[in-house]
Every structure is written in structure tokens, then in C-alpha cells.
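Q: Numbering (this note's numbering), first residue to last: 170 to 389. Using N, Cα and C, we set each Cβ at its ideal position, and we do this for glycine too. Given the structure is predicted, the values throughout are model-derived calculations rather than measurements.
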Amino acid sequence: MRISSHIKTVLIGSLWCGLLTIPFMGVWKAALFIVVLIVSGILFRAMLVATVYHKITSFVIANAVRNLKISPVGRNDRQRLFALIGVILLLIVPIFLNNYYLDILTLALLYALLAVGLNITVGLTGLLDLGYAGFYGIGAYTYALLSTRLGFSFWLGVPLGGIVATIFGFLLGIITLRLRGDYLAIVTLGFVQIVYLILNNLDKVTNGPNGILQIGQPSL
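Laid out in C-alpha cells, this is it:
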């Protein structure tokens, strides 16, 4: 029942997004966009349930460890198949879309990744952390500064940005993990506002509200 309900939601959402993009993309590209959204939505749920829920929760929920010891045969094979199909789709889509729609798709995937992390923090661990976007911004600005100021490549700068964001998360966690409920929400919300104000007012470093331009792109 859950799977059929999810598929119904994916179909309705994909069709709605496709109809909205017809005036900009044309009928054929919009139809292809709908197909990509449907396949991505189904694969995303399958990969999320198979990997995130059954693996990451084992570190935060004690009961999940006992359940993971008895896993159906072929689970890993299905995960590899879903991952392979997802990679193939990501390689094919740029052929049919121009840079404008690729930018939109990239932003959508970035926010989807942010939503998955928020689901782990709030949904699986039960921590009402409202400052999650602050770490996201710290990591992003770290890479942007490393790329524009020091000339770091994408493949080196992105992991370093993640490491810096992790350090800030660890330091904040030392203080906030002792809090619960509304107190945790208030402290983390204050943290993300502090990060926003600092980044928005450091004009000479972050270029203020205009952001950092000419950031290095991934290259092979």
C-alpha cells in the first residue's frame, strides 16, 4: 500500500511539473522531463529505503541493528542495479537539456540531498535541529572560497568543504545535544541566523548578498 501510494504521488507530481514546463521546454522535452522525474522518484525512494533506512539507522536506532542481521538475499544486488540505473540517467539527461534546465535540475538535486540529510537528523534521530542549513552554507562557502581564492579543484574543494562543515557540526553538537525539544530548536535556529548574518555582511570575503561568482566546476 505504501509503495502504490508513493508511486501515485510521484506520477501526479511529475505530471504537474511537466505541464508547468511545457511553455518553456516544448512538448517533447517536457514529456522527457516527466519520464525522468517519474523514474527518479521511484528509484529515489527505493534507494532511500534500501540504503539510508537499513544502514544509517543502524547507528542511531539500536533495534535496527538486530533487524539488519537478517537481510533478504539479493538486497545488495538490487541496490547496485538501482544505483547503476540512476548513474545512467544522470549521464543521459545532459544530452537532451540545455544549460538553463541543467542548472535547475542541479539545484533540485542539491535541495533533495539537503532534505535527505534533514530527514536523517529530524525524522530518524528525533532531534529538532533547525540549524541544519547553516552547516550546508558553511560547506558551500568553504568550497567557493577555496576555489576562487586558492584555486582548489572541485574534487579537492568539495571534500574539504564537507570536512569544515562537519567540524562546525561537531562543535555545535557538543553544546546542543544535551538539549531537547524546543530548547534544541531555539539554539540551532539561532546558530543558522548567526551564520547567515556573518556570511551576508562579510562583503570583502563573501561578496555579501551577491554571493561568490566564478566558482570552479567539476571537470574530468
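Could you check the C-alpha separation between residue 386 and residue 206 for me, to the nearest Å?
A: 25 Å
Q: If the criterion is Cβ atoms closer than 8 Å, does the pair residue 298 and residue 290 meet it?
A: With respect to residue 290, residue 298 sits close: the two C-beta atoms are nearer than 8 Å.
Q: So the alpha helix (DSSP H) residue 328 belongs to, where does it begin and stop?
A: The continuous alpha helix (DSSP H) containing residue 328 extends over residues 323-345.
Q: Apply the 10 Å Cβ neighbour rule to residue 292 and answer buried if 16 or more other Cβ atoms are within range, or exposed otherwise.
A: exposed
Q: For residue 187 and chain B, any beta-carbon pair shorter than 8 Å?
A: The displayed structure is made up of one protein chain only, and chain B is not part of it.
Q: Three or more C-beta pairs closer than 8 Å, one from the segment 327-341 and one from the segment 264-272: is that the case here?
A: As far as the Cβ criterion goes, the segment 327-341 does not touch the segment 264-272, which means the pair count is below three.
Q: Is it right to say residue 361 is buried, meaning 16 or more other beta carbons lie within 10 angstroms of its own, or is it exposed?
A: That one is buried.
Q: Residue 381 and residue 375: beta carbons closer than 8 Å?
A: Contact flag set, yes.
Q: Between residue 368 and residue 306, is the Cβ-Cβ spacing less than 8 Å?
A: yes
Q: State the start and end residues of the unbroken alpha helix (DSSP H) segment that holds residue 307.
A: First-last of the alpha helix (DSSP H) with residue 307: 301-318.
Q: Nearest to residue 203 by alpha carbon, out of 274, 253 and 248?
A: 274
Q: Between residue 200 and residue 182, which are expected to be in contact by the criterion C-beta below 8 Å, what is the C-beta distance as a whole number of angstroms?
A: No, residue 200 and residue 182 are not in contact; Cβ-Cβ is about 15 Å, not under 8 Å.
Q: Since residue 250 contacts residue 296 with CB under 8 Å, what's their CB separation in whole angstroms?
A: Actually they do not touch by this definition, with Cβ atoms about 33 Å apart.
Q: For residue 334, which of 345, 301, 346 and 350 has the nearest alpha-carbon?
A: Residue 301 is the option with its Cα nearest to residue 334.
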